[in-house]
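Participant: Sending over a structure as structure tokens; questions will come in a sec.
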Amino acid sequence: MERVAVLDFETTGLSPGMGDRPTEVAIALVEQGRIVERFQSLMNPGRPIPAFVTQLTGISNAMVAAAPPVAEVMREAARFVGALPVVAHNASFDRKFWVAELQRLSLPAEASFACTMLLSRRLYPDCASHKLGALIQTLGLPQTGRAHRAMVDTEMAAHLWCRIRDDVARRWRLPAVSHALLARAQATPKGKLERFFAEQQACEA
Numbered sequence: 001m002e003r004v005a006v007l008d009f010e011t012t013g014l015s016p017g018m019g020d021r022p023t024e025v026a027i028a029l030v031e032q033g034r035i036v037e038r039f040q041s042l043m044n045p046g047r048p049i050p051a052f053v054t055q056l057t058g059i060s061n062a063m064v065a066a067a068p069p070v071a072e073v074m075r076e077a078a079r080f081v082g083a084l085p086v087v088a089h090n091a092s093f094d095r096k097f098w099v100a101e102l103q104r105l106s107l108p109a110e111a112s113f114a115c116t117m118l119l120s121r122r123l124y125p126d127c128a129s130h131k132l133g134a135l136i137q138t139l140g141l142p143q144t145g146r147a148h149r150a151m152v153d154t155e156m157a158a159h160l161w162c163r164i165r166d167d168v169a170r171r172w173r174l175p176a177v178s179h180a181l182l183a184r185a186q187a188t189p190k191g192k193l194e195r196f197f198a199e200q201q202a203c204e205a
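With full-length UniProt numbering, the residue at position 82 of the sequence shown is 82, and numbering never jumps.
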């Protein structure tokens, strides 16, 4: 089965375009429905972490003071991911930091991202919330620790990704559910999702 890299950033704020930088990254490589490798590191963003961010994440200026610089960690993270397709919850947020930091290093940043939040909105429309923690609780998936720490959120997103793949395979009787297929599904309007997967089923028949 396909291997994917599930990742999560904690950052100093919402926008690399406004000078925000990562403070922590975690990556889990997922294959055959389980996590097979992990990478995690704090990093020194070279700018202060606002108090409200510390309150949310628990990551303080003191914690990152002795951490390696962003450039060093991101080089290692890029090597760890390699050419794998990437998964994240609310992937538009993580993707913009991934791209911004790799571009700073003149490294390739064209990884294909799939988003478990967009997919969950289409597949589980009756869920009261599509925040990661709420989905984990509603779907009865493992809650691995405090939210808004990178490895905790990465592991929960990995569990959600595996559940999504399994549910799509079972519901539409598809023998293979690829990252590329789900990346297309997340861009499909909710009202056309049944038709989208029915067409995939017909192609597999």
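Here a beta-carbon is modelled for each residue, glycine too, at the ideal position from N, C-alpha and C.
Just the Cα atoms here: how many angstroms apart are residue 216 and N44?
Facilitator: The chain is shown only over 1 to 205; residue 216 falls outside these bounds and no answer can be derived.
Participant: Please report the straight-line C-alpha distance between L29 and F52, rounded to a whole angstrom.
Facilitator: 31 Å
Participant: M1: buried (16+ other C-beta within 10 angstroms of its C-beta) or exposed?
Facilitator: Per the 10 Å Cβ criterion, exposed.
Participant: On a CA-only basis, which of A176, V70, S112, F197 is nearest L123? Give me that one, please.
Facilitator: F197
Participant: In whole angstroms, what separates the C-alpha of G191 from that of L118?
Facilitator: 14 Å
Participant: Taking only three categories from DSSP, how would you classify R38?
Facilitator: strand
Participant: May I ask which residues mark the beginning and end of the beta strand (DSSP E) holding residue 207?
Facilitator: A question about residue 207 goes unanswered here, because the residues of the chain that appear run from 1 up to 205.
Participant: So for L193, helix, strand or coil by DSSP?
Facilitator: helix
Participant: Roughly how many angstroms separate the alpha carbons of I35 and C115, rounded to a whole number?
Facilitator: 18 Å
Participant: Using a Cβ-Cβ cutoff of less than 7 Å, which residues in the same chain neighbour D94 once the five nearest sequence positions on both sides are dropped?
Facilitator: L7, D8, F9, A88
Participant: Between which two residues does the alpha helix (DSSP H) carrying D167 extend?
Facilitator: 150-171
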